[in-house]
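Notes to accompany the following structure.
2 protein chains.
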Amino acid sequence: MLLDSILKPRAVAVVGASTRPHTIGSDLLKRLIEFGFKGGIYPVNPKGGEIEGLEAYKTIADLPDDVDLAVIVVNASRVLEAVDQCHAKGIKGLVVISAGFKETGAEGAKLELELLERVRAHGMRMVGPNCLGVVNTNPEISLDACFAESLPVAGDIGFVSQSGALGGGILNILKDLNLGFAQFVSIGNQADVNAETALEYWENDPEVKQILLYMESIPDPVNFRRLASRISKKKPVLALKAGRSAAGASAASSHTGSLAGGDRAADALLKQSGVIRELSLRELFSSAKVFANCPIPKGDRVAIVTNSGGPGIMATDAVCGHGMQMAQISDETKAKLREFLPAAASVKNPVDMIASAPLEHYRRTVETVLADPAVDMVMVIYLPFLGLKDIDVAQALMEIRAAHPEKPIVGVFMTTSEFFSKLSEMQVTVPFYMYSEEAADAMKRLNDQRLWMARPEGEFPELPEDTNRVMQIFRTAANEGRHELTTRESLDVLDAAGVRICRSGMAHSEDEAAAVAEKTGYPVVMKMTSKTTSHKTDVGGVRVGIASEEDLRREYRDLIGKLEAKGLLEGLEGVLIQEMVKSKRELVTGIATDPQFGPMVMFGLGGVFVEVLKDVAFRLAPLTDIDAKDLIHSVKCVKLLEGARGFTPAQMDKVEETLLRISQLAHVHRFVKELDINPLMISDKDGEPIAVDARIAFDPEAVKLAL
Amino acid sequence: MLLDSILKPRAVAVVGASTRPHTIGSDLLKRLIEFGFKGGIYPVNPKGGEIEGLEAYKTIADLPDDVDLAVIVVNASRVLEAVDQCHAKGIKGLVVISAGFKETGAEGAKLELELLERVRAHGMRMVGPNCLGVVNTNPEISLDACFAESLPVAGDIGFVSQSGALGGGILNILKDLNLGFAQFVSIGNQADVNAETALEYWENDPEVKQILLYMESIPDPVNFRRLASRISKKKPVLALKAGRSAAGASAASSHTGSLAGGDRAADALLKQSGVIRELSLRELFSSAKVFANCPIPKGDRVAIVTNSGGPGIMATDAVCGHGMQMAQISDETKAKLREFLPAAASVKNPVDMIASAPLEHYRRTVETVLADPAVDMVMVIYLPFLGLKDIDVAQALMEIRAAHPEKPIVGVFMTTSEFFSKLSEMQVTVPFYMYSEEAADAMKRLNDQRLWMARPEGEFPELPEDTNRVMQIFRTAANEGRHELTTRESLDVLDAAGVRICRSGMAHSEDEAAAVAEKTGYPVVMKMTSKTTSHKTDVGGVRVGIASEEDLRREYRDLIGKLEAKGLLEGLEGVLIQEMVKSKRELVTGIATDPQFGPMVMFGLGGVFVEVLKDVAFRLAPLTDIDAKDLIHSVKCVKLLEGARGFTPAQMDKVEETLLRISQLAHVHRFVKELDINPLMISDKDGEPIAVDARIAFDPEAVKLAL
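Each protein sequence line maps, in turn, to chains U and S.
Numbering-wise, the UniProt record's numbering puts 489 at position 489 of the first sequence, and it's gapless, one number per residue.
Numbering-wise, the UniProt record's numbering puts 123 at position 123 of the second sequence, and it's gapless, one number per residue.
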């Protein structure tokens, strides 16, 4: 299935095996033998003879019939030929170590494309090119087809690395940290097999209990989201995505666009996929350690057991800083602790057994605290004290862990690195950290995974829109050679998409304006709407709080006069007369399009503060209903919606609906490039969200292509 | 001087020395001997005889005359007597290891106070009680009067620890990390010697090049700030202050008060003192390592040299994430690099020498990049590659460092812990980290210290205030048994303090209101001002945008009618008629009083957003002019002041002056407990900051005591 021919082959051929020392063709073969691959290992070399004690085959055609995987290390120019020969021989799996493809420029990219076409046509699967290889530590397979420095240690991690060199470095460190892995795939240029292939392959593999990804790019975000959001519900998926500062933000004309820079899109994708994003290798390993040795907790209530006050305080700081709770230990538990702890000990959380606590106190205290139903996780802190050995305390914790496998236990051992060296030679079943902050970070990861697994799946609701009307507006504008809609058109599109817009009417003369205002009811707002001038406010094209017809007529004449003086009458479509929504709460929502990840929905605080306070968040379209809720709750200003400061609570279902509707609009009509609803006002009266101003930019060529 | 008798004694007496193994009286004596103290070591034990091969003195009176320091380990009940005898013998320095004082409750606290009085009366200095001891690693002294687990390593750190057990743990880890220290003081209950004593003692000690503090409390913040802000200009001071989550926030009635929780005050104190605050032990050590091995850079331009792309990207992310700059390497430098690096290498920053880079490439690349005047610091990344040993690259870097001592070089070695074990046995002169994020964190510390050292000292400007008027307002209110001023009184106090308040007048009738409004000029704002009702808005006591006399009279009647209906007329002082300041920028400033740290000044975004967005910052009063500037620039909304979004730039000097004036008000009149200016409006017209509403709470008893 999928990658079986590559990760569970019956026999492996090394195409380009070599007798020359310190070449990949030599090292890789040695490694395969050294790690004890359980199937046949067949070197291929035109010279034949013997390599590393094995008979070398002169051609691929000469190979025995049980070869599932060919590891190819020949020069790039000879890879295609080798692939054809492998196909002829019935080989289904390829690992192309050879470099000289896309990474070298246009020529190489062409060669890579040819290679991929060949692989696809032959119905083969390929890891690479330009990669480090693959590993499977299952003892019945013992495949190490990889030229990393150290021999792998078996464990339950599935690890995908995009960077070859870094992948090797990470393998070294994993070994050093005593973190074993089940399978490793260095995807290199990821021409065929990529992170998603591995995710899917490991989805139901009981040997892989957590998945680690090192990524520099995510070529197919849609597929990644589809797979990762499903698989992360079954096992933790941790990702280190490099390239955060590479702010590929193109010049954007909207608020949403200008705030969408950096790696907002990648961040949104990983969040919506339930992938735990790590920002450094240290954190990646720290998290992997906790997932390798702890169950997912039932809640976020942490108890701390310590033999020193200071670290207990620091641990409390870190736990609370992560928004987890300090467990309220029951009176019963306290009484039990009092039975054996000395008077100077504190039986409140953090439980301070004092410096002289013997092993027996550690044992009984941890067991007693662990048994308290108000405790979901326990952090145990040890500071060296004369007569009590770190390793003995660690052993005791592992015994307790074995007896109580249902709750996470995390150890903080502020001792020397010698202790950690000792651990790396043991079969460890509890995650041990040097510092309490690291332990708290790790517990936060457990809690994040718990929350994600408990989060409802969410649905993509289908919301009716007047598609004909939407298309007609865009077609008209596209035919006029524009790439932005006017204010009126933008509001009309939103209206057609089912978004509540403020009541407005168009006027082309002073009298028309007065008539519309009469119908709307004073006070009103007057706004120019133009095919050429989108920055209305900058040219004095917006007048608010017009209280009477007299004022209206004066403002109308003034507005037209100013525009005329500035030579801006030409593109003028008319003047919008709008109801004046009574609201002190101005929000913003909109769409920005990431060149690679597609449309994203933004939501947050609007008005003059948008770009100053940046209290906004993003999610990739399409949003599920749960994504919409989540997006709303990920900005600080949500408190204004919930009714802080005496405000009428916002109609949250309608706010969510607004986000879902623009998400759908952008997802369905991919020619929509940028959209701003600023402000989206929350009515003081009844909390209804109302779009008061809008701006839409689009790709006219894409409109013409749309049906 | 100060602590010479304790840290540089000619001879040491151990009062309570013991032959019984595993007692402090035995361990401590052994340690003194083992570490090779250069002066006399005299055990004191009533039984006399020989202890650890030394003649024991039966009484303190019997001791030779060269004893400067007595280390006291006898039972708490016998400490006072011992101190008296030491005094009689002419001993000036005391380290009281014995526990049983303040930490045990009221009885112990009384004993500690007696002890302190005795020490003061005798003109002695004392470390402790309830401490771990002191260390001085200077080879001419070699004093280890401390019962930590491991023998100290010499270095240039001065280290003060409040927690005994944690201090010991830290000493272990420092040793493990090969971070030596010059002197160590475990201050325990800090009855006499505290962190400030040590800071002052180390100020001009060339052996102490950086100071590390572990603190759980800061008993004398004023003195701490005075000393630390001076000393941190000479050498880095790093602090780990535990107890962050202990949100000792009492119920506060003002915005400023409610936002002042947690450890805002400690944070402000450390910032204003130039102390680099570390939030975890890992970071504390990481920073100590960089300061121990690097000069302070001249700027923040970082160059990265690597043999692998991925870590280079991650390092760039981390450097940019800290707001430092990626150095723009000159064309000249690039050309020089091209001379020897292979074609596949990248000579832009990050400089990627590719995986196969030999030692010679490391050497030449680092030297070339280091020589570029556009480079202030260099991060060198090494990933294991066949044939190139980590330790050889490290050696090369140390040689380069010796030849170019003026620019920081930081190493990132993504290799095994074996490498770091090897380092700990070497004389290391370059800081080496496992991960690039740690190296970037460390470089940020260097840059923070550079910025602090370049920061002007600042002055406490004396600003004239009408003190008589201020006092009269508070006295009147205090005499009426109130602890809050009315709105009018609050604004009057600000006016007397020289803060620009909006023009307003008091009215006690409809006609008076009309007359005041006529003078003020429409539109006006109408506000109740009451001795009993401070939440004006909640009871409909604020009316804005009153445009005409007709409206004014109607609103006045309505206001009075509503108050009457609610039974709120009694405390009513009158109705304020205020000019309506035209402003879209509502800021907030104010005073909150921390029970321990005293008054703090807050500044940030005001209006309805204060508590939702929390875009505010704090500094301890009194502010220097530089503190005021710094406070203003530490909130996001400063951009609104600088003229973002087409606003008239605020008059920054006047905003600063406003902060300085309320700082002075609170600093001089300590009975002011809370003060809110919300909003502090920035005039649309000319950018002037104007206090539009205010609220002041005070301690009436303290007013009565004030002259």
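The C-beta atom is built at its ideal place from N, Cα and C for all residues, glycine as well.
Below-9 Å beta-carbon distance, residue i vs any chain U residue
| i | result |
| --- | --- |
| Gly309 of chain S | yes |
| Cys86 of chain S | no |
| His22 of chain S | yes |
| Ala265 of chain S | no |
| Thr533 of chain S | no |
| Leu386 of chain S | yes |
Interface flag, residue i vs chain S, CB-CB below 9 Å
| i | result |
| --- | --- |
| Gln328 of chain U | no |
| Phe224 of chain U | no |
| Met414 of chain U | yes |
| Thr19 of chain U | no |
| Ser417 of chain U | yes |
| Lys582 of chain U | no |
| residue 713 of chain U | The shown model of chain U, from 1 to 707, leaves out residue 713 of chain U, and the question about it has no answer. |
| Tyr214 of chain U | yes |
| Ala344 of chain U | yes |
| Phe609 of chain U | yes |
Sub-9 Å separation of residue i and residue j beta-carbons
| i | j | result |
| --- | --- | --- |
| Ala198 of chain U | Val160 of chain U | yes |
| Ile501 of chain U | Ala691 of chain U | yes |
| Arg543 of chain S | Lys527 of chain S | yes |
| Val275 of chain U | Ala239 of chain U | yes |
| Val380 of chain S | Leu359 of chain S | no |
| Ala315 of chain S | Pro350 of chain S | yes |
| Met124 of chain U | Leu94 of chain U | yes |
Reference residue i, options the options, closest by Cα
| i | options | result |
| --- | --- | --- |
| Arg413 of chain U | U:Val275, U:Lys289 and U:Phe432 | Here residue 413 of chain U turns out to be Phe, not Arg, going by the sequence shown. When each option's Cα is compared against that of Phe413 of chain U, the closest is U:Phe432. |
| Ser663 of chain S | S:Asp156, S:Asp627, S:Val393 and S:Met528 | S:Asp627 |
| Ala318 of chain U | S:Glu196, S:Ser280, S:Val237 and S:Val575 | S:Ser280 |
| Gly243 of chain S | U:Gly312, U:Glu200 and U:Val302 | U:Gly312 |
| Pro408 of chain U | U:Tyr382, U:Tyr201, U:Ile296 and U:Phe609 | U:Ile296 |
| Met681 of chain S | S:Glu579, S:Val208 and S:Ser150 | S:Glu579 |
| Thr137 of chain S | S:Pro129, S:Phe181, S:Gln162 and S:Leu177 | S:Phe181 |
| Tyr57 of chain S | S:Gly48, S:Pro64 and S:Gly155 | S:Gly48 |
| Val185 of chain U | U:Lys175, U:Pro129 and U:Phe224 | U:Pro129 |
| Val375 of chain S | S:Ala355, S:Glu332, S:Asp331 and S:Asp300 | S:Asp300 |
| Ser308 of chain S | S:Glu149, S:Val655 and S:Ser346 | S:Ser346 |
Cβ-based burial, residue i [other Cβ within 10 Å; buried from 16]
| i | result |
| --- | --- |
| Ile6 of chain U | buried |
| Asn75 of chain U | exposed |
| Gln427 of chain S | exposed |
| Arg120 of chain U | exposed |
| Ala403 of chain U | exposed |
| Pro64 of chain U | exposed |
At a CB distance below 7 Å, what residues from the segment 281-314 of chain U approach chain S? Give them in sequence order.
Leu281, Arg282, Ser308, Gly309, Gly310, Pro311, Ile313 and Met314
Closer than 9 Å, Cβ to Cβ, to anything on chain S: give me those residues from the segment 159-182 of chain U, in chain order.
Ser161, Gln162, Ser163, Gly164, Ala165, Leu166, Gly167, Gly168, Gly169, Ile170, Asn172, Ile173, Lys175, Asp176 and Leu177
For the segment 437-469 of chain S, which residues have a CB atom closer than 8 Å to at least one CB atom of chain U, in sequence order?
Glu437 and Glu438
Residues of the segment 615-649 of chain U whose Cβ lies closer than 9 Å to any Cβ of chain S, in chain order:
When C-beta distances to chain S are compared with 9 Å, the residues of the segment 615-649 of chain U below that value are Asp615, Lys636, Cys637, Val638, Lys639, Leu640, Ala644, Arg645, Gly646 and Phe647, in chain order.
Using a Cβ-Cβ cut-off of less than 7 Å, give me the residues of the segment 120-150 of chain S that come near chain U, in sequence order.
Glu149
Between the segment 348-382 of chain S and chain U, which residues of the former have a C-beta closer than 8 Å to a C-beta of the latter?
Ala355
Interface positions of the UniProt domain "CoA-binding" (6-101) of chain S facing chain U (Cβ-Cβ less than 9 Å), listed along the chain:
His22 and Asp27
With 8 Å as the limit, tell me which residues of the segment 586-612 of chain U have their beta carbon closer than that to any beta carbon of chain S; keep them in chain order.
Leu605, Val608, Phe609, Glu611 and Val612
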